[in-house]
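Enquirer:
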Amino acid sequence: DVKVTQSSRYLVKRTGEKVFLECVQDMDHENMFWYRQDPGLGLRLIYFSYDVKMKEKGDIPEGYSVSREKKERFSLILESASTNQTSMYLCASSLSPGFYEQYFGPGTRLTVT
Amino acid sequence: GENVEQHPSTLSVQEGDSAVIKCTYSDSASNYFPWYKQELGKRPQLIIDIRSNVGEKKDQRIAVTLNKTAKHFSLHITETQPEDSAVYFCAASTGGYQKVTFGTGTKLQVIP
Chain F
1 DVKVTQSSRY LVKRTGEKVF LECVQDMDHE NMFWYRQDPG LGLRLIYFSY
51 DVKMKEKGDI PEGYSVSREK KERFSLILES ASTNQTSMYL CASSLSPGFY
101 EQYFGPGTRL TVT
Chain Z
1001 GENVEQHPST LSVQEGDSAV IKCTYSDSAS NYFPWYKQEL GKRPQLIIDI
1051 RSNVGEKKDQ RIAVTLNKTA KHFSLHITET QPEDSAVYFC AASTGGYQKV
1101 TFGTGTKLQV IP
C-alpha cells in the first residue's frame, strides 16, 4: 500500500517567513508533484520532479522553489511567505513512465498571516 | 499548455439517479484522462481512467467516455448513493513525465 506523508497537516506562518513543506513517499516512486488546491480553482501544479535533483516548473511556480535530494523526499519552499500563498498544499507521487496513477498525501493547510 | 474545463461546478441528484460530469481539453496530443474523487477532508484518489485508444471504460457503477474528435470526456455515475458525495476532478495528460492538468472540480451531492 502506497503511503505519501506530509510533514504537517496545519501550519500558520507570518508574512515574510521562509516556509518548508516536506513530502515523503515510501514506494520508490520516480515522480513527485506539488499542487495547491483552492476553492473553484481545482488542483494547480506548482513543481514536479521526475528524478533526484531534477525539477520542472508547473503552472504556478512563482514564489516557490523545490528540492529533491533523495528519491523519497520532495520539499516545497516558500522563500518569503505572502498572504496570497494561504492555501491547501498537496503532494503526490507516481511510479514511473507508463504508470500514471498519482498517489496524494493528506495535504498541508497553510495560513500566512 | 493544456487547458481543462469542467462542468458543472456543483451537482445535486437524488439517490438512485444518474450523475454526469463533463470535461473538455485543449491539447490534441493529450492521451490519458484520469478522474479523481476527493471526499470531504480526504486526499484525492483515482477512481477511473481512460487512454486515447479507448472510447469508453466501465467499472461497476462508473463509466467514462472519450470523444477525441470533439476533445471532451465525461464521467457517468449510475444508481448514485450517498457515499458518492464528493468533489470529482477530471484531468488530462500528454504522457511524458506524467504532468497532468486538472479541471476545477465538481461538487456532487447525493440527496438520500
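Protein sequences appear in the order of chains F and Z. Each residue of the first sequence is one higher than the one before, counting from 1 in our numbering. Each residue of the second sequence is one higher than the one before, counting from 1001 in our numbering. Just so it is clear, CB atoms sit at the ideal spot from N, CA and C, and this is done for glycine as well. Keep in mind the model is a prediction, meaning the values are calculated, not measured.
(1) What are the boundary residues of the beta strand (DSSP E) that residue 1067 of chain Z is part of?
(2) Compare the beta carbon distance of residue 1054 of chain Z and residue 1081 of chain Z with 9 angstroms and say whether it is the shorter of the two.
(3) Under 8 angstroms, with one C-beta from each stretch per pair, do the region 98 to 107 of chain F and the region 69 to 85 of chain F reach the 3-pair mark?
(4) Under 7 angstroms Cβ-Cβ, which residues of chain F neighbour residue 1102 of chain Z?
(5) Please report whether the beta-carbon of residue 1089 of chain Z lies at a distance below 9 angstroms from any beta-carbon of chain F.
(6) Starting from the beta carbon of residue 1034 of chain Z, find every residue of chain F whose beta carbon is closer than 9 angstroms, and list them in chain order.
(7) Pull up the CB-CB distance for residue 1006 of chain Z and residue 1106 of chain Z, whole angstroms please, since I reckon it's below 8 angstroms.
(8) Kindly list, in the order they appear in chain F, the residues whose Cβ is closer than 9 angstroms to that of residue 1049 of chain Z.
(9) Beta-carbon of residue 1045 of chain Z versus every beta-carbon of chain F: anything under 9 angstroms?
(10) Pick helix, strand or coil for residue 122 of chain F, following the three-state DSSP scheme.
(11) From the DSSP output, in three-state form, read off residue 1008 of chain Z for me.
(12) Under 9 angstroms Cβ-Cβ, which residues of chain F neighbour residue 1037 of chain Z?
(13) Roughly how many angstroms separate the alpha carbons of residue 1028 of chain Z and residue 91 of chain F, rounded to a whole number?
(14) By the 10 Å Cβ neighbour count, where 16 or more other Cβ atoms means buried, how is residue 94 of chain F classified, buried or exposed?
(15) Which complete alpha helix (DSSP H) runs does the region 1021 to 1081 of chain Z hold, if anything under 4 residues is left out?
(16) Could you check if residue 1084 of chain Z is buried or exposed, using at least 16 other CB atoms within 10 Å of its CB as the buried criterion?
(17) For a quick check, are the C-beta atoms of residue 1031 of chain Z and residue 1052 of chain Z less than 9 angstroms apart?
(18) Between residue 1099 of chain Z and chain F, is any beta-carbon pair separated by less than 9 angstroms?
(19) Would you say residue 56 of chain F reaches chain Z, if we count a Cβ-Cβ gap shorter than 9 angstroms as a contact?
Expert: Quick answer:
(1) For the purposes of this step, residue 1067 of chain Z is taken as the residue at position 67 of the second sequence. Per DSSP, residue 1067 of chain Z belongs to the beta strand (DSSP E) from 1062 to 1067.
(2) Counting from 1 along the second sequence, the entry for residue 1054 of chain Z is found at position 54. Counting from 1 along the second sequence, the entry for residue 1081 of chain Z is found at position 81. No, these two residues do not count as a Cβ contact at 9 angstroms.
(3) no
(4) By one-based count along the second sequence, residue 1102 of chain Z stands at place 102. What residue 1102 of chain Z touches in chain F: 42, 43.
(5) For the purposes of this step, residue 1089 of chain Z is identified with residue 89 of the second sequence, where counting begins at 1. By this cut-off, residue 1089 of chain Z is an interface position.
(6) Here residue 1034 of chain Z is taken as the residue at index 34 of the second sequence, counted from 1. Within 9 angstroms Cβ-Cβ: 100, 101, 102.
(7) Taking the second sequence and counting its residues from 1, the one referred to as residue 1006 of chain Z is at position 6. Taking the second sequence and counting its residues from 1, the one referred to as residue 1106 of chain Z is at position 106. Between residue 1106 of chain Z and residue 1006 of chain Z the Cβ distance is about 6 angstroms, and since that is below 8 angstroms, they are a contact.
(8) Position 49 of the second sequence, counted from the start, is the residue given in the question as residue 1049 of chain Z. Near residue 1049 of chain Z (Cβ distances below 9 angstroms), the residues of chain F are 100, 101.
(9) Counting from one through the second sequence, the residue named residue 1045 of chain Z turns up at place 45. So, interface residue.
(10) This structure leaves residue 122 of chain F out entirely; chain F is present only between 1 and 113.
(11) In the second sequence, counting from the first residue as 1, residue 1008 of chain Z sits at position 8. In this structure, residue 1008 of chain Z counts as coil in the three-state DSSP scheme.
(12) Translated into the one-based positions of the second sequence, residue 1037 of chain Z becomes position 37. Those within 9 angstroms of residue 1037 of chain Z in chain F number zero; the least Cβ separation is about 11 angstroms.
(13) Reading the second sequence from its first residue, position 28 is the one you call residue 1028 of chain Z. Reading the first sequence from its first residue, position 91 is the one you call residue 91 of chain F. Distance between the alpha carbons of residue 1028 of chain Z and residue 91 of chain F is about 27 angstroms.
(14) On the first sequence, position 94 is the one that residue 94 of chain F refers to. Flag for residue 94 of chain F reads buried.
(15) none
(16) Counted from its first residue, the second sequence places residue 1084 of chain Z at position 84. It is buried - the Cβ of residue 1084 of chain Z has at least 16 other Cβ atoms within 10 Å.
(17) On the second sequence, residue 1031 of chain Z is found 31 positions in, with the first residue counted as 1. On the second sequence, residue 1052 of chain Z is found 52 positions in, with the first residue counted as 1. Result yes, Cβ atoms of residue 1031 of chain Z and residue 1052 of chain Z sit closer than 9 angstroms.
(18) As a position in the second sequence, residue 1099 of chain Z is number 99, starting the count at 1. Cβ-Cβ to chain F under 9 angstroms: yes for residue 1099 of chain Z.
(19) Position 56 of the first sequence, counting from 1, holds the residue named residue 56 of chain F. By this cut-off, residue 56 of chain F is an interface position.
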